[in-house]
Each structure stands twice: as structure tokens, then as C-alpha cells.
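**Student:**
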Amino acid sequence: GVARSYLAHLVLYGVLATMVQMNFWAWTNAGMYRLRWALLAAALASLYGVTDEYHQSLVPGRVASSIDMWVNATGAAITAAGLWLLALASKRLYPPESAS
Numbered sequence: 002g003v004a005r006s007y008l009a010h011l012v013l014y015g016v017l018a019t020m021v022q023m024n025f026w027a028w029t030n031a032g033m034y035r036l037r038w039a040l041l042a043a044a045l046a047s048l049y050g051v052t053d054e055y056h057q058s059l060v061p062g063r064v065a066s067s068i069d070m071w072v073n074a075t076g077a078a079i080t081a082a083g084l085w086l087l088a089l090a091s092k093r094l095y096p097p098e099s100a101s
């Protein structure tokens with residue numbers, strides 16, 4: 002039903018945001034603690050959700066949904082924020098060793 006569809010959107014766009022954010026972390030040194038990477042990952046995953054809905058409007062038998070766009074963005078934002086908070090918590094629990 003509808004709830005299952007929304008749950009799928011939340012999870013899939015959360016996975017997309019996770020992949021984007023982890024790629025940013027891999028490209029930067031100690032970048033996982035910076036909020037900007039989480040925000041950018043959520044924004045890019047959300048933008049992809051908008052383009053996906055636009056694409057659906059062009060496919061016969063499919064319709065674009067503004068609610069789906071919001072659900073996509075919500076899944077991306079919650080996941081990116083959660084990953085960032087986990088990174089901060091792990092930094093506090095396991096501080097990096099200083100170079101001697």
C-alpha cells in the first residue's frame with residue numbers, strides 16, 4: 002500500500018544519501034565531522050529525487066508526486082544527519098591519537 006511505498010522511498014533515498022556522504026568522507030581527510038558534507042549529501046540525494054519524479058512525469062502510465070519528493074528528501078536528510086551524529090559520537094568516544 003501507500004505506507005509501504007513511503008517506507009521504500011525513505012529507505013532507498015537514505016541509502017543514496019549514505020553512499021554520497023561516505024564518498025565525500027573518503028575524498029576528504031577527517032571530513033566526516035563536518036556538517037557541510039552531510040548537508041551536501043542530503044541535498045544531492047534530494048535533488049536526484051526531484052529529477053526522478055520529473056522523469057516519472059514523462060513516462061506513460063506514471064505520475065510525478067510532490068509527496069514522494071518530500072518523502073525522498075526526508076529519508077535523505079534523516080540518514081545524512083544520523084550518520085553525521087554517529088561520526089561525532091565516535092569521535093568523542095574514540096578520539097584520534099595525536100601524532101608524536
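Heads up: the sequence shown runs through residues 2 to 101, numbered per the numbering used here.
C-beta atoms are modelled at their ideal positions from N, C-alpha and C, and glycine is treated no differently.
In whole angstroms, what is the alpha-carbon distance linking Ala78 and Val12?
**Tutor:** Position 77 of the sequence shown, counted from the first residue, corresponds to residue 78. Position 11 of the sequence shown, counted from the first residue, corresponds to residue 12. Their Cα atoms are separated by approximately 11 Å.
**Student:** What do you reckon, are the CB atoms on Ala18 and Ala42 nearer than 8 Å?
**Tutor:** For the purposes of this step, residue 18 is taken as the residue at position 17 of the sequence shown. For the purposes of this step, residue 42 is taken as the residue at position 41 of the sequence shown. It is a contact, given that the beta carbons lie within the stated cut-off.
**Student:** Expressed to the nearest angstrom, what Euclidean distance is found between the alpha-carbon atoms of Thr75 and Leu36?
**Tutor:** Taking the sequence shown and counting its residues from 1, one reaches residue 75 at position 74. Taking the sequence shown and counting its residues from 1, one reaches residue 36 at position 35. Approximately 17 Å between the Cα atoms of the pair.
**Student:** Among the candidates Ala4, Met33, Arg63, Ser67, whose CA atom is the shortest distance from the CA of Ala90?
**Tutor:** Residue mapping note: residue 90 aligns to position 89 of the sequence shown, counting from 1. Ala90 has its Cα closest to that of Met33, out of Ala4, Met33, Arg63, Ser67.
**Student:** Span of the alpha helix (DSSP H) holding Gly76?
**Tutor:** In the sequence shown, residue 76 corresponds to position 75, counting from 1. First-last of the alpha helix (DSSP H) with Gly76: 67-94.
**Student:** If Met70 sits next to Val51, beta carbons under 8 Å apart, how far is it from one beta carbon to the other, in whole angstroms?
**Tutor:** Here residue 70 refers to the residue found at position 69 of the sequence shown. Here residue 51 refers to the residue found at position 50 of the sequence shown. Indeed they touch by this definition, with Cβ atoms about 6 Å apart.
**Student:** Distance check for Leu94 and Gly15, CA to CA, integer angstroms please.
**Tutor:** In the sequence shown, counting from the first residue as 1, residue 15 sits at position 14. In the sequence shown, counting from the first residue as 1, residue 94 sits at position 93. Answer to the nearest angstrom: the Cα atoms are 25 Å apart.
**Student:** For Leu41, verify whether its CB is less than 7 Å away from any heavy atom of the ligand NAD.
**Tutor:** Ligands are entirely absent from the displayed structure, and the ligand NAD is therefore not among its contents.
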